[in-house]
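Following: one structure in structure tokens, then a few remarks.
In this note's numbering, the protein residues as written are 208 to 332.
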């Protein structure tokens, strides 16, 4: 995934009213404010309530879904772009991801930069 691909995805989610939190390589780069190297995919966390809308619109843009787990879906297209979507639910002061992972909701408080764009990113230790 190129920086242009990531920025296009973020514009697309803006249009849908969906907030993705960047994780993985792009999340780390957002924390640093610069791209440190190439990335094969884009890792994002999305509120589970928004997955139906996101899935429908990604399909309209030529992406196919592979469900790895009910809370983890990988989308890919014919240009070999991959978006690795992990779903979370917010429960008060915690978020849950899958059956076993619980984190303080403050993990969603991260911001960073991709190019000149401010993005949301997971705060990970």
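The beta carbon of each residue, even a glycine, is placed where N, CA and C say it ideally should be. Note that the coordinates shown come from a computational prediction; the quantities given were computed from them, not determined experimentally.
Per the DSSP calculation, residue i is bridged to which residue(s)?
i, result
"residue 311", "301"
"residue 228", "252"
"residue 272", "282"
"residue 320", "325"
What is the DSSP secondary structure of residue i, counted as helix, strand or coil?
i, result
"residue 264", "helix"
"residue 284", "coil"
"residue 331", "coil"
CB-CB under 8 angstroms to residue i, same chain, minus the five flanking residues each way: which ones, in chain order?
i, result
"residue 217", "227, 321, 324 and 326"
For residue i versus residue j, is the C-beta distance shorter than 8 angstroms?
i, j, result
"residue 330", "residue 316", "yes"
"residue 248", "residue 270", "no"
"residue 305", "residue 238", "no"
"residue 278", "residue 293", "yes"
"residue 234", "residue 246", "no"
Counting C-beta neighbours from all protein chains within 10 Å, is the total for residue i 16 or more, i.e. buried, or is it exposed?
i, result
"residue 291", "buried"
"residue 286", "exposed"
"residue 223", "exposed"
"residue 230", "buried"
"residue 267", "exposed"
"residue 328", "buried"
"residue 253", "buried"
"residue 275", "exposed"
"residue 288", "buried"
Go through its chain and collect everything with a Cβ distance to residue i's Cβ below 7 angstroms, but skip five positions before and after it.
i, result
"residue 311", "300 and 301"
Short of 6 angstroms in beta carbon distance, which residues of its chain neighbour residue i, apart from the five on each side in sequence? Order them along the chain.
i, result
"residue 241", "none"
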